[in-house]
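Here the structure is laid out as structure tokens; the discussion comes afterwards.
Below, the structure written as structure tokens:
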């Protein structure tokens with residue numbers, strides 16, 4: 029079932045935009061590009077319009093192929109995304125199944141309450157959960173992904189939460205002769221996994237079905253995890269019309285260890301000081317999509333239903349109650365659009381217009397345990413949103429002009445089931461424009477420039493804890509609080525791309541101006557609840573800024589070898605003076621008053637990654653992947669007054685052997701057993717009663733062996 033990595037990667041290595049109608053890159057030789065199934069006309073986010081150098085998104089884009097994912101077998105797709113330029117990974121919750129990623133100073137994370145700024149899609153269906161816009165990467169079907177699309181920077185036309193970029197996971201749809209694959213793996217700390225799939229097609233029909241299971245004890249104490257999923261696509265695809273039905277069921281449970289006091293981190297990093305913490309998640313995802321000729325263009329539509337249930341338990345400091353949380357998210361959504369492509373004047377116009385929306389039923393229940401046990405929150409929110417958009421490319425010769433507008437309306441009611449007199453509603457509307465130009469300068473080079481805006485509406489948890497007169501002992505109680513302003517981002521970006529016969533290169537410089545970022549602020553009145561260390565309220569901060577440089581290059585050898593190198597410099601800063609942001613450091617007499625130019629926490633300044641994959645004789649292959657991550661400040665030190673996390677270097681290696689339908693591979697992660705931290709914050713060490721840094725240790729060196737067998741095809 030596997031094919032050569034080189035042709036598949038060449039068509040996307042520099043992030044060249046692909047046409048939704050034909051899914052081909054104009055500047056590539058046609059014989060080096062595999063034409064993609066027409067059904068992706070409703071699944072891809074690259075691009076929003078039609079053919080052309082700009083293709084509606086004159087911005088930095090890139091693609092990860094299934095071959096790359098299978099070569100390194102990451103636990104989660106977020107692990108592999110972190111190797112791309114401008115992305116970084118950290119472990120907030122203390123579990124390898126709960127990692128967060130950041131890009132350009134914005135986050136996509138499973139942590140409820142963290143401000144999210146990256147939108148994530150599964151075949152074009154948004155998967156950020158409606159209660160807090162969080163992303164549960166452990167529920168996404170890594171085993172069944174064929175391609176990952178990454179769009180860096182403000183994705184104006186992809187809706188709220190697309191402040192720093194968007195990620196789209198495109199799944200396998202089958203087609204061709206019936207074929208299957210079975211895979212098992214085992215590794216360090218009792219890690220085991222198994223997955224299987226079958227795919228095929230006949231007489232215009234295509235199908236794919238598969239499932240996966242994973243279990244491991246975890247390298248830290250009491251950090252076991254288990255997850256499984258089942259997935260299927262079935263549909264028809266033709267030249268003028270087609271449809272697809274999709275179903276995904278997934279369940280996961282992860283015991284999380286959180287961060288450790290520095291004094292414990294240095295001597296026993298596998299410790300778990302909150303050994304009862306866990307997250308238990310269950311998800312159902314249904315989608316139907318289709319396309320057909322409508323007049324002189326193509327119409328497409330999508331309808332989807334998502335159900336997500338979660339139980340979380342969090343052990344807190346001795347003076348704070350432990351918390352058990354239940355959330356239920358139900359989403360029914362849809363979208364429809366029409367696309368048209370034709371010669372106009374001396375050029376060619378690609379036009380798209382569409383509309384969509386979703387209705388979300390959210391319920392959140394919180395219970396305090398150990399101290400003053402009982403229910404503290406019972407909230408319902410019937411969130412709904414509507415959107416409409418239009419975008420167009422107009423290409424004349426070597427120049428493509430791109431532009432578009434998107435309008436969003438979001439309504440967030442708050443129904444307090446414990447006290448109905450405190451019900452309230454917040455509404456937000458926004459018009460987000462984007463425009464740019466791309467120029468094919470010849471000899472494989474192209475240039476682009478763009479400007480665009482996007483926004484995100486405050487999440488339910490932020491709106492419910494936004495009253496400075498009534499702070500929330502998070503996450504124990506939520507109430508009806510004053511409305512917050514939406515977060516808005518405007519990005520200007522310039523870049524270049526080069527694609528030759530064996531070499532691909534791209535680069536971009538950008539600056540993003542952000543207004544009304546939402547942060548947690550400290551409660552400072554005399555009536556502050558005694559004992560609690562985490563009372564605060566969410567509020568709009570003012571101005572912040574992100575800026576940086578991203579570079580990426582790949583070289584391909586005729587023998588099948590490949591090399592890659594990426595570099596990113598990211599500077600995310602506050603642009604306000606004298607504003608105090610919540611930090612437990614205040615319990616020790618410290619302050620956290622930011623000044624203009626102070627850097628955001630958990631955003632590395634420099635990041636370098638590189639690697640190689642060699643195809644050796646007798647079916648052998650060898651790969652190496654290395655990453656350097658620069659210094660980053662700890663959460664709670666937004667004022668940049670404490671020592672940052674140290675920079676670190678880590679490397680992985682892979683050795684594989686393929687003969688006929690069989691393949692076996694061995695992977696070693698963190699080859700040099702680097703003992704660094706990927707996350708840091710501040711808290712009170714209950715042993716010393718002193719405030720000190722709390723760090724989340726990186727995983728030690730681990731081994732994994734994978735056995736794969738293909739059938740048919």
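Numbering (this note's numbering), first residue to last: 29 to 741.
We put the CB at the ideal spot given by N, CA and C, even for glycine.
- request: Thinking residue 158 and residue 405 are a contact (beta carbons under 8 Å), I'd like their distance in whole angstroms, please.
  value: Looking up residue 158 in the chain shown gives position 130. Looking up residue 405 in the chain shown gives position 377. That belief does not hold up - the Cβ atoms of residue 158 and residue 405 are roughly 17 Å apart, past 8 Å.
- request: Identify the continuous beta strand (DSSP E) that holds residue 537 and give its terminal residues.
  value: Position 509 of the chain shown, counted from the start, is the residue given in the question as residue 537. That run of the beta strand (DSSP E) goes 531 to 543.
- request: Output the boundary residues of the alpha helix (DSSP H) element that contains residue 94.
  value: What you label residue 94 is simply residue 66 of the chain shown in a count that begins at 1. Counting along the chain, the alpha helix (DSSP H) containing residue 94 begins and ends at 94 to 100.
field: Nearest-angstrom Cβ-Cβ length linking residue 607 and residue 621, presumed shorter than 8 Å
entry: The count along the chain shown starts at 1 and reaches residue 607 at position 579. The count along the chain shown starts at 1 and reaches residue 621 at position 593. The Cβ separation is near 7 Å, so the contact holds.
field: Short Cβ contact (8 Å threshold) for residue 349 with residue 391
entry: Indexing the chain shown from 1 puts residue 349 at position 321. Indexing the chain shown from 1 puts residue 391 at position 363. Going by C-beta atoms, residue 349 is not nearer than 8 Å to residue 391.
- prompt: Could you check where the alpha helix (DSSP H) with residue 490 kicks off and where it finishes?
  reply: As a working note, residue 490 is residue 462 in the chain shown. Start and end: 488 to 491.
message: Using the three-state DSSP reduction, which class does residue 60 fall into: helix, strand or coil?
response: The sequence position of residue 60 within the chain shown is 32, counting from 1. With a pLDDT of 32 at residue 60, under the threshold of 50, the predicted position of this residue should be treated as unreliable, and no value is reported.
- prompt: Using the rule of at least 16 other Cβ atoms within 10 Å of the residue's Cβ for burial, across every protein chain shown, is residue 233 buried or exposed?
  reply: As a position in the chain shown, residue 233 is number 205, starting the count at 1. Burial call: exposed.
- request: Answer yes if the segment 187 to 198 comes into contact with the segment 480 to 494, meaning at least three C-beta pairs across the two stretches below 8 Å, and no otherwise.
  value: yes
- request: Locate the beta strand (DSSP E) running through residue 436, then write down its first and last residues.
  value: Locating residue 436 in the chain shown gives position 408, where the first residue counts as 1. Taken as a continuous stretch (DSSP letters only), the beta strand (DSSP E) holding residue 436 covers 427 to 444.
- prompt: Could you give the residue range of the alpha helix (DSSP H) that holds residue 105?
  reply: The residue you call residue 105 lines up with position 77 of the chain shown. Residues 105 to 109.
query: From residue 329 to residue 246, what does the alpha carbon distance come to, in whole angstroms?
result: In the chain shown, the residue the question calls residue 329 occupies position 301. In the chain shown, the residue the question calls residue 246 occupies position 218. C-alpha separation (whole angstroms): 43 Å.
message: Among 636, 570, 615, 408, whose alpha-carbon lies nearest the alpha-carbon of residue 581?
response: Translated into positions along the chain shown, residue 581 becomes position 553. Comparing Cα positions, the closest option is 636.
- prompt: Between the C-alpha atoms of residue 373 and residue 430, what's the straight-line distance to the nearest angstrom?
  reply: On the chain shown, residue 373 is found 345 positions in, with the first residue counted as 1. On the chain shown, residue 430 is found 402 positions in, with the first residue counted as 1. Spanning the two alpha carbons is a distance of roughly 16 Å.
message: What does the Cβ neighbour count give for residue 420, buried or exposed, with the cut at 16 atoms within 10 Å?
response: Counting from one through the chain shown, the residue named residue 420 turns up at place 392. That one is buried.
field: For residue 573, the three-state DSSP class (helix, strand or coil)
entry: If you number the chain shown from 1, residue 573 lands on position 545. The answer is strand: DSSP assigns residue 573 an E or B state.
field: Residue environment, residue 612, which counts as buried when at least 16 other CB atoms sit within 10 Å
entry: As a working note, residue 612 is residue 584 in the chain shown. When all chains shown are included, residue 612 counts as buried.
query: What three-state label does DSSP hand residue 132 in the structure shown?
result: The sequence position of residue 132 within the chain shown is 104, counting from 1. Residue state, collapsed to three classes: coil.
query: Based on Cα-Cα distance, which residue from 449, 408, 280, 476 lies nearest to residue 428?
result: The residue given as residue 428 occupies position 400 in the chain shown. The option with the nearest alpha carbon to residue 428 is 476.
- request: Indicate the three-state DSSP secondary structure (helix, strand or coil) for residue 268 in the structure shown.
  value: On the chain shown, residue 268 is found 240 positions in, with the first residue counted as 1. If DSSP states are grouped into helix, strand and coil, residue 268 belongs with coil.
message: With the cut-off set at 8 Å, would you say residue 633 and residue 664 are in Cβ contact?
response: Counted from its first residue, the chain shown places residue 633 at position 605. Counted from its first residue, the chain shown places residue 664 at position 636. Cβ distance not < 8 Å, so residue 633 and residue 664 don't count as in contact.
message: Just to confirm before moving on: does the CB-CB distance between residue 117 and residue 127 stay below 8 Å?
response: The sequence position of residue 117 within the chain shown is 89, counting from 1. The sequence position of residue 127 within the chain shown is 99, counting from 1. In contact: residue 117 and residue 127 (Cβ atoms closer than 8 Å).
message: Quick check: what's the CA-CA separation for residue 576 versus residue 738?
response: Residue mapping note: residue 576 aligns to position 548 of the chain shown, counting from 1. Residue mapping note: residue 738 aligns to position 710 of the chain shown, counting from 1. Roughly 43 Å between the two C-alpha positions.
query: Between which two residues does the alpha helix (DSSP H) containing residue 291 stretch?
result: Residue 291 sits at position 263 when you count from the first residue of the chain shown. Element bounds for residue 291: 290 to 293.
- request: Please report how far the alpha carbon of residue 309 lies from the alpha carbon of residue 531, in whole angstroms.
  value: What you label residue 309 is simply residue 281 of the chain shown in a count that begins at 1. What you label residue 531 is simply residue 503 of the chain shown in a count that begins at 1. Taking the straight line from one Cα to the other gives about 43 Å.
field: Beta-carbon spacing of residue 407, residue 442 below 8 Å
entry: The count along the chain shown starts at 1 and reaches residue 407 at position 379. The count along the chain shown starts at 1 and reaches residue 442 at position 414. Between residue 407 and residue 442, the gap from beta carbon to beta carbon is short of 8 Å.
field: Alpha-carbon spacing of residue 449 relative to residue 215, whole angstroms
entry: The residue labelled residue 449 in the question sits at position 421 within the chain shown. The residue labelled residue 215 in the question sits at position 187 within the chain shown. The alpha-carbon atoms of residue 449 and residue 215 are separated by roughly 55 Å.
Limits of the beta strand (DSSP E) - the one that residue 235 falls within: Locating residue 235 in the chain shown gives position 207, where the first residue counts as 1. 233 to 244 is the span of the beta strand (DSSP E), which, as asked, contains residue 235.
Rounded separation between residue 271 and residue 258 - CA only: As a position in the chain shown, residue 271 is number 243, starting the count at 1. As a position in the chain shown, residue 258 is number 230, starting the count at 1. If I take the Cα positions, the gap works out to 21 Å.
query: What does DSSP give as the partner residues of residue 230 in its beta bridges?
result: As a first step, residue 230 must be located in the chain shown, where it is residue number 202. BP columns for residue 230 point to 233.
message: Residues in the same chain with beta-carbon distance under 6 Å from residue 241, minus the five sequence neighbours each way, listed in chain order, please.
response: As a position in the chain shown, residue 241 is number 213, starting the count at 1. Cβ within range, chain order: 222, 256.
Residues near residue 303 by beta carbon distance below 6 Å, same chain, minus five either side: If you number the chain shown from 1, residue 303 lands on position 275. Hits under 6 Å: 250.
- prompt: Who are the Cβ neighbours of residue 212 in its own chain at under 6 Å, not counting the five residues just before and after it?
  reply: Residue mapping note: residue 212 aligns to position 184 of the chain shown, counting from 1. Counting only Cβ-Cβ distances below 6 Å, and skipping sequence neighbours, we find 222, 735.
field: Counterpart residues of residue 412 in DSSP-defined beta bridges
entry: Numbered from 1 along the chain shown, position 384 holds the residue referred to as residue 412. DSSP output for residue 412 lists 387, 439 as bridge partner(s).
Per DSSP, cross-strand counterpart(s) of residue 126: The count along the chain shown starts at 1 and reaches residue 126 at position 98. Paired residue(s): none; residue 126 is not in a bridge.
Chain-order list of residues whose beta-carbon lies under 8 Å from that of residue 207 (same chain, five-residue window excluded): As a working mapping, residue 207 is identified with position 179 in the chain shown. The answer, listed in chain order, is 29, 226, 227, 228, 738, 739, 740, 741.
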